[in-house]
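One structure is given here, and the rest of the page talks about it.
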Amino acid sequence: MNRTDFRFSERLRVRWSEVDAQKVVFNAHYLSYFDTAIAGYWRALALPYEATLAALDGDLFVRKASLEYRSSARYDDLLDVGIRCRRIGNSSISFDAVAWRGATTVVAGELVYVFTDVAGQVPRPVPAALRTALERYEAGAPAVEVKVGRWAELGRDAQAIRSAVFVQEQGIPAELEWDAADAGAMHAVAINGVGAAVATGRWLDTDEPGVARIGRMAVLAPLRSGGVGRAVLDALVASAREAGREALMLHAQASAVAFYHRAGFEPVGPEFVEAGIPHQEMRRRL
Numbered sequence: 675m676n677r678t679d680f681r682f683s684e685r686l687r688v689r690w691s692e693v694d695a696q697k698v699v700f701n702a703h704y705l706s707y708f709d710t711a712i713a714g715y716w717r718a719l720a721l722p723y724e725a726t727l728a729a730l731d732g733d734l735f736v737r738k739a740s741l742e743y744r745s746s747a748r749y750d751d752l753l754d755v756g757i758r759c760r761r762i763g764n765s766s767i768s769f770d771a772v773a774w775r776g777a778t779t780v781v782a783g784e785l786v787y788v789f790t791d792v793a794g795q796v797p798r799p800v801p802a803a804l805r806t807a808l809e810r811y812e813a814g815a816p817a818v819e820v821k822v823g824r825w826a827e828l829g830r831d832a833q834a835i836r837s838a839v840f841v842q843e844q845g846i847p848a849e850l851e852w853d854a855a856d857a858g859a860m861h862a863v864a865i866n867g868v869g870a871a872v873a874t875g876r877w878l879d880t881d882e883p884g885v886a887r888i889g890r891m892a893v894l895a896p897l898r899s900g901g902v903g904r905a906v907l908d909a910l911v912a913s914a915r916e917a918g919r920e921a922l923m924l925h926a927q928a929s930a931v932a933f934y935h936r937a938g939f940e941p942v943g944p945e946f947v948e949a950g951i952p953h954q955e956m957r958r959r960l
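Residue 675 is where the sequence shown starts when you use this note's numbering, and the numbers rise one by one after that.
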């Protein structure tokens, strides 16, 4: 199995606690590595594992896990763990898993899950939405569709995401989160492969001619660092450019400065506190 056969991989570093008396990774830890990578695979699909399966009224149970050891990893090695969906049966989903150290295949394996009824743990057919999401991802399609529109169209989904992230998770008072600007702003909402809204953002005009402000960027916690936030940001940038705006500004939470910098935004001025959270103004020309 070649790296080029795998769209998704996750990088892991071998920890001291994972090495045995032979000074190589203890064999059972590779199942843990593959399980960690499977979680990353679901993130790459923009499918929050627990919420997605609850919405599909089922769960996934391991039916089979097989490993073939070809080499050994040692303390502090960097491993790239690839996961791909190889086959979807009636109720089963089979994944190939490989751990590479550089160009060397360390371990290859197969993981087979069965979609089941939660209460009785009885196999059920893989839901059509989940089947399609997996097949589209492996075919190279984007994990999300980003819709751009007005509050009347997207407000319900945007509000749910912002409430979960800003109000419930970050503890921002609800009265600070909602404002009259929503009605006139352009909003973006990312929809995943099973039809759930998972991220949002908006842009609106400022008092500076030709300058729009991006704000209210929010991604559900299980999907952060999976590319969904960047998809929303790119859609907002494209929307503002198409509307004739010449520049963008935003107030980035301090923890997100690197994310916006990778998208072409540069810091302006000193850090400041907004809603009790450190922020940094950033700008980008269009």
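We put the beta carbon where it would ideally sit given N, CA and C, even for glycine.
Keep in mind the model is a prediction, meaning the values are calculated, not measured.
Selection from the options that minimises the alpha carbon distance to residue i
i, options, result
"A914", "G823, R758, A782", "G823"
"R876", "A895, A854, Y723, P896", "A854"
"F700", "Y723, Y749, Y787", "Y749"
"Y787", "R959, S740, E945, L721", "S740"
"Y934", "A912, P952, R957", "R957"
"A807", "A838, Y743, L721, G900", "L721"
"D679", "T874, G943, E812", "E812"
"V931", "G918, M891, L960", "M891"
"L727", "S837, D709, A870", "A870"
"A729", "M675, P816, A802, F939", "A802"
"V755", "R936, I767, R677, G938", "R677"
"F789", "G950, F769, A826, F735", "F735"
"P941", "Q954, L960, A817, P883", "Q954"
"I712", "A773, P847, H925, A937", "A773"
"V781", "I951, M675, W852", "M675"
"R959", "Y723, V947, G918, F946", "G918"
"L922", "V902, G889, G858, R936", "G889"
"D831", "Q844, G845, D856", "D856"
"A834", "V820, A695, E851", "E851"
"P952", "S929, G938, A886, R810", "S929"
"E945", "G938, R936, A937, L924", "L924"
"T778", "D751, R798, A702, A926", "D751"
Opening and closing residue of the alpha helix (DSSP H) in which residue i lies
i, result
"A827", "Checking the displayed sequence, the identity of residue 827 turns out to be Glu instead of Ala. Unbroken alpha helix (DSSP H) run through E827: 825 to 836."
"F933", "931 to 936"
"V639", "The shown model of the chain, from 675 to 960, leaves out residue 639, and the question about it has no answer."
"E809", "802 to 812"
"R717", "703 to 718"
"E692", "Neither: E692 is in no alpha helix (DSSP H) and is coded neither H nor E."
"A848", "848 to 851"
Nearest-angstrom Cβ-Cβ length linking residue i and residue j, presumed shorter than 8 Å
i, j, result
"I762", "R805", "5 Å"
"C698", "S765", "The amino acid at residue 698 is misidentified as Cys; the sequence shows Val. V698 to S765, Cβ: 37 Å. No contact."
"F682", "L785", "With a Cβ gap of about 14 Å, F682 and L785 do not count as contacting."
"L753", "V688", "7 Å"
"V800", "D733", "Going by Cβ atoms, the distance from V800 to D733 rounds to 12 Å, so no, they are not a contact pair."
"G783", "E742", "7 Å"
Run of the beta strand (DSSP E) containing residue i, from where it starts to where it stops
i, result
"L878", "871 to 879"
"T779", "778 to 790"
"A926", "921 to 927"
"F769", "766 to 775"
"F680", "Neither: F680 is in no beta strand (DSSP E) and is coded neither H nor E."
"F946", "946 to 948"
"P797", "Here P797 belongs to no beta strand (DSSP E), and DSSP marks it neither H nor E."
"V863", "860 to 865"
"P952", "951 to 959"
"V699", "Segment: none, V699 is in no beta strand (DSSP E) and carries neither H nor E."
Cβ-heavy atom distance, residue i to the ligand MG, below 7 Å
i, result
"L960", "Ligands are entirely absent from the displayed structure, and the ligand MG is therefore not among its contents."
In chain order, each beta strand (DSSP E) run of at least 3 residues that lies wholly inside the segment 721 to 752: 733 to 743
The segment 895 to 915 contacting the segment 856 to 869, beta-carbon criterion three pairs below 8 Å: yes
Touch test, the segment 890 to 901 against the segment 710 to 717, Cβ-Cβ under 8 Å, three pairs minimum: yes
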